[in-house]
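Peer 1:
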Amino acid sequence: MRYPYGKSILITGASSGIGEAAAQIFAADGWVVFAASRSGACSAAGAISLVMDVTDEESVARAVAYIKENGAALPRVVLHCAGYGIAGAAEDTPDADARAQFEVNYFGTLRVNRHILPLFREEGGGLAIMMSSVAGRLPLPYQSHYSASKYAIDSYTESLRMEGRQFGIRAALVEPGDTATGFTKARKMATPHGSPYRKNCESAVARMAHDEEHGASPLLPAKACLRLATMSNPPVRVTVGLPYKAVLLLRRLLPARLCEAIMGKLYG
Ligand SMILES: NC(=O)c1ccc[n+]([C@@H]2O[C@H](COP(=O)([O-])OP(=O)(O)OC[C@H]3O[C@@H](n4cnc5c(N)ncnc54)[C@H](OP(=O)(O)O)[C@@H]3O)[C@@H](O)[C@H]2O)c1
4 MRYPYGKSIL ITGASSGIGE AAAQIFAADG WVVFAASRSG ACSAAGAISL
54 VMDVTDEESV ARAVAYIKEN GAALPRVVLH CAGYGIAGAA EDTPDADARA
104 QFEVNYFGTL RVNRHILPLF REEGGGLAIM MSSVAGRLPL PYQSHYSASK
154 YAIDSYTESL RMEGRQFGIR AALVEPGDTA TGFTKARKMA TPHGSPYRKN
204 CESAVARMAH DEEHGASPLL PAKACLRLAT MSNPPVRVTV GLPYKAVLLL
254 RRLLPARLCE AIMGKLYG
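To convert, note that position 10 of the sequence shown is 13 in this note's numbering; the numbers rise steadily by one, no gaps.
Written out as structure tokens, the structure is:
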């Protein structure tokens, strides 16, 4: 295998789920793995655990300073897995909850990249992999702010690809579908008592939770990330799993109203 960006990686959200699976896969492939999360816990053998809250500028700066001083090879790949989801009716969700969602899923990614991309430029290039979601291109009811945060990351990534190319910086999105991780338990609910949406919202979220808990192994998206890290010209996006590739293809081909009706039947 070729390793156009060397074999050192920073992974955020590495204490659980997809990030932790990626830490295991990369470490097993002989990479230097900087495994960051708020708890600083990571089960991957040989990974260098770091405490980093992606919503906190100082915390990110401290972790990146540690990486620079550590003596191990500087990472030229960053994998953004820190994230969570909120669920609730669009009308019910307080601004503060929607902002908190973007603080982690969107601004958290930007914040880490602002500290890491200069290192990539100094080293002659690198690769930023953003963990997006099928929900970034196929919004579900009662997930509006989560989907919006992933839509935002999608556009950001496409722009970054064009801007970074002159410095050897590459960027790509990974889009998993339902994956069995800590995501389901960590989901924040915005379902106030007395809300007219509450009943439908709870049954839609119960269905999502069931699908996630019976979803794919986090090793699947993690392996997709390892494959991306061997490509000098990675694609914009990798959708994980054939069923989700098919769903997104149908989304492109079918009239929007028909898609909406199907999603409404499933989750509405
Ligand atoms: N599971 C799915 O079905 C699914 C599907 C599509 C996309 N995704 C995306 O995949 C990514 C990873 O999610 P997951 O499924 O692996 O969920 P997970 O098991 O809950 O892992 C989330 C990780 O993010 C970290 N994190 C949360 N807030 C953070 C913050 N402020 N700063 C730093 N780290 C933070 C958590 O660690 P600490 O609590 O220790 O900080 C944890 O390591 C997310 O972006 C999610 O949207 C998940």
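Heads up, the beta-carbon is just placed ideally off N, CA and C, and yes, glycines get one too.
Taking 7 angstroms as the cut-off, is the C-beta of residue 56 nearer than that to any heavy atom in ligand 1?
Peer 2: Result yes, Cβ under 7 angstroms from ligand 1.
Peer 1: Could you pull the start and end residues of the alpha helix (DSSP H) that residue 266 belongs to?
Peer 2: Per DSSP, residue 266 belongs to the alpha helix (DSSP H) from 259-270.
Peer 1: Alpha carbon to alpha carbon, how far is residue 72 from residue 251? Give it in angstroms, no decimals.
Peer 2: Between residue 251 and residue 72, the C-alpha separation is close to 43 angstroms.
Peer 1: What residue range is occupied by the uninterrupted beta strand (DSSP E) comprising residue 134?
Peer 2: Here the beta strand (DSSP E) through residue 134 covers 129-134.
Peer 1: Helix or strand or just coil, what does DSSP make of residue 168?
Peer 2: Residue 168 falls in the helix class under three-state DSSP.
Peer 1: Are the segment 140-158 and the segment 115-131 touching, with three or more C-beta to C-beta distances below 8 angstroms?
Peer 2: Not touching, per the Cβ criterion.
Peer 1: So the candidates are 17, 89 and 24; which of them puts its Cα closest to the Cα of residue 189?
Peer 2: Here the closest residue by C-alpha is 89.
Peer 1: Considering only residues of the same chain and omitting the five flanking positions on each side of residue 44, which have a CB-CB separation below 7 angstroms?
Peer 2: Taken in chain order, the residues that qualify are 18 and 52.
Peer 1: Do the CB positions of residue 181 and residue 157 come within less than 8 angstroms of each other?
Peer 2: Cβ distance not < 8 angstroms, so residue 181 and residue 157 don't count as in contact.
Peer 1: When DSSP labels each residue in this structure, what does residue 111 get in the three-state scheme?
Peer 2: Of the three classes helix, strand and coil, the one that applies to residue 111 here is helix, per DSSP.
Peer 1: Would DSSP call residue 22 helix, strand or coil?
Peer 2: Correct three-state label for residue 22: helix.
Peer 1: If the criterion is Cβ atoms closer than 8 angstroms, does the pair residue 193 and residue 91 meet it?
Peer 2: It is a contact, given that the beta carbons lie within the stated cut-off.
Peer 1: I'd like the span of the alpha helix (DSSP H) that includes residue 211, first residue to last.
Peer 2: Element bounds for residue 211: 201-216.
Peer 1: Label residue 178 either buried or exposed according to how many other C-beta atoms from any shown protein chain fall within 10 Å of its C-beta, with 16 as the threshold for buried.
Peer 2: By the neighbour-count rule (16 or more Cβ atoms within 10 Å), residue 178 is buried.
Peer 1: Is the CB-CB distance between residue 185 and residue 20 below 8 angstroms?
Peer 2: Yes, Cβ-Cβ distance for residue 185 and residue 20 is below 8 angstroms.
Peer 1: Which runs of the alpha helix (DSSP H) at least 4 residues long sit entirely within the segment 58-85? Give them in chain order.
Peer 2: Here the runs fully enclosed are 60-72.
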